[in-house]
Amino acid sequence: SQQGEEDPQALSIQEGENATMNCSYKTSINNLQWYRQNSGRGLVHLILIRSNEREKHSGRLRVTLDTSKKSSSLLITASRAADTASYFCATDARGSNYKLTFGKGTLLTVNP
Amino acid sequence: NAGVMQNPRHLVRRRGQEARLRCSPMKGHSHVYWYRQLPEEGLKFMVYLQKENIIDESGMPKERFSAEFPKEGPSILRIQQVVRGDSAAYFCASSPPGQPSGNTIYFGEGSWLTVV
Numbered sequence: 233s234q235q236g237e238e239d240p241q242a243l244s245i246q247e248g249e250n251a252t253m254n255c256s257y258k259t260s261i262n263n264l265q266w267y268r269q270n271s272g273r274g275l276v277h278l279i280l281i282r283s284n285e286r287e288k289h290s291g292r293l294r295v296t297l298d299t300s301k302k303s304s305s306l307l308i309t310a311s312r313a314a315d316t317a318s319y320f321c322a323t324d325a326r327g328s329n330y331k332l333t334f335g336k337g338t339l340l341t342v343n344p
Numbered sequence: 042n043a044g045v046m047q048n049p050r051h052l053v054r055r056r057g058q059e060a061r062l063r064c065s066p067m068k069g070h071s072h073v074y075w076y077r078q079l080p081e082e083g084l085k086f087m088v089y090l091q092k093e094n095i096i097d098e099s100g101m102p103k104e105r106f107s108a109e110f111p112k113e114g115p116s117i118l119r120i121q122q123v124v125r126g127d128s129a130a131y132f133c134a135s136s137p138p139g140q141p142s143g144n145t146i147y148f149g150e151g152s153w154l155t156v157v
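Going line by line, the protein sequences match chains A and B.
Quick note: to get this note's numbering, add 232 to the position in the first sequence (first position is 1).
Quick note: to get this note's numbering, add 41 to the position in the second sequence (first position is 1).
Laid out in structure tokens, this is it:
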């Protein structure tokens, strides 16, 4: 798998449900970030979690990081139709503290 | 506080023409990055610049692509003699001075290049 690879590739849920997306990576990292991208638009930064952190919250978002498994998860609670977008995780590897490596993303569709 | 500004948002070029994409970083930011997103793909790092310096261009194709961030004015990504495979979204990002790691990198809305 690629560095910063998300799964599932696509996720379709009903409004009000929770959405969980996962990200796996290969090398040791400094930080892991999650971004959202609406179709045809730029990336919106959601949350940054450092390698020494295990969990972080921001509003309806909860991010976990397990460095032993080289994986992260993004949980969106009480989803809304407006959450429909692609979600990407991005890592910056140790020794390369600025170059973000992105996965292909998870396309989340929240049905009203 | 304006975000990262990119222009043009959409650009159509014929094969063999040149494409110039501009990026003004967020106010106070001195690090600029260019990424490319091919259809159905994640973003791929191209180049990292500071004012008047290219720090890392390891993601830039060896030919036809160049980038600059002059002392005055925006950063420019230049693609010469474009080919259909250059069709993609090109994103600029910026971060504040100091160590990039641990700083949030903010992305612009992208420039969508179509080569016909």
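Quick reminder that beta carbons are idealized off the backbone N, C-alpha and C, glycines included.
Straight-line measurement puts the Cα of THR252 of chain A at about 9 Å from the Cα of LEU243 of chain A. Residue contact with chain B for GLN265 of chain A: present (Cβ-Cβ distance below 9 Å to some residue of chain B).
Runs of the alpha helix (DSSP H) lying entirely within the stretch 305-342 of chain A and spanning at least 4 residues: none are present.
Taking 9 Å as the Cβ-Cβ cut-off, the stretch 274-285 of chain A approaches chain B at GLY274, LEU275, VAL276, HIS277, LEU280, ARG282, given in chain order. Residue contact with chain A for GLU93 of chain B: absent (no Cβ-Cβ distance below 9 Å to any residue of chain A). Note: ALA43 of chain B is not bridge-paired with any residue in the DSSP secondary-structure output. The beta carbon of TYR257 of chain A sits no closer than 9 Å to any beta carbon of chain B. With fewer than 16 other CB atoms across the displayed protein chains lying within 10 angstroms of its CB, SER260 of chain A is exposed. Any Cβ of chain A closer than 9 Å to the Cβ of THR155 of chain B would place that residue at the interface, and such an atom is absent.
Inclusion of LEU90 of chain B and HIS70 of chain B in the CB contact set at 9 Å is not warranted, their separation being larger than that value.
The alpha carbon of PHE148 of chain B has as its nearest neighbour, out of A:LEU278, A:LEU306, A:TYR257, A:THR316, the alpha carbon of A:LEU278. In terms of beta-carbon proximity, LEU340 of chain A stays away from the interface with chain B, with every pair separated by 9 Å or more.
Secondary structure at ARG125 of chain B: helix, using DSSP grouped into helix, strand and coil. With respect to chain A, the C-beta atom of HIS72 of chain B has a partner C-beta closer than 9 Å.
Interface criterion met: the Cβ of LEU84 of chain B is under 9 Å from a Cβ in chain A. If you draw a 10 Å sphere on the C-beta of GLN47 of chain B, you find 16 or more other C-beta atoms in it, and that means buried. Residue B:LYS68 holds the alpha-carbon nearest to the alpha-carbon of ALA43 of chain B among B:ALA60, B:GLU93, B:LYS68, B:ARG55.
With respect to chain B, the C-beta atom of THR316 of chain A has no partner C-beta closer than 9 Å. Annotation for ARG282 of chain A: the continuous beta strand (DSSP E) segment containing it runs 275-282.
At a C-beta separation below 7 Å, TYR319 of chain A has no neighbours in chain B, since its nearest C-beta there lies roughly 11 Å away.
Taking each of B:VAL45, B:PRO49, B:GLN58, B:GLY100 in turn and checking the Cα distance to VAL156 of chain B, the smallest one comes out for B:GLN58.
Excluding sequence positions up to five before and after ARG61 of chain B, its CB lies within less than 7 Å of the CB of ILE117, ARG119, all in the same chain and listed in chain order. Counting along the chain, VAL295 of chain A sits inside the beta strand (DSSP E) bounded by residues 293-298.
At a C-beta separation below 8 Å, LYS301 of chain A has no neighbours in chain B, since its nearest C-beta there lies roughly 21 Å away. In the three-state reduction of the DSSP assignment, ASN48 of chain B falls in the strand class, which pools E and B.
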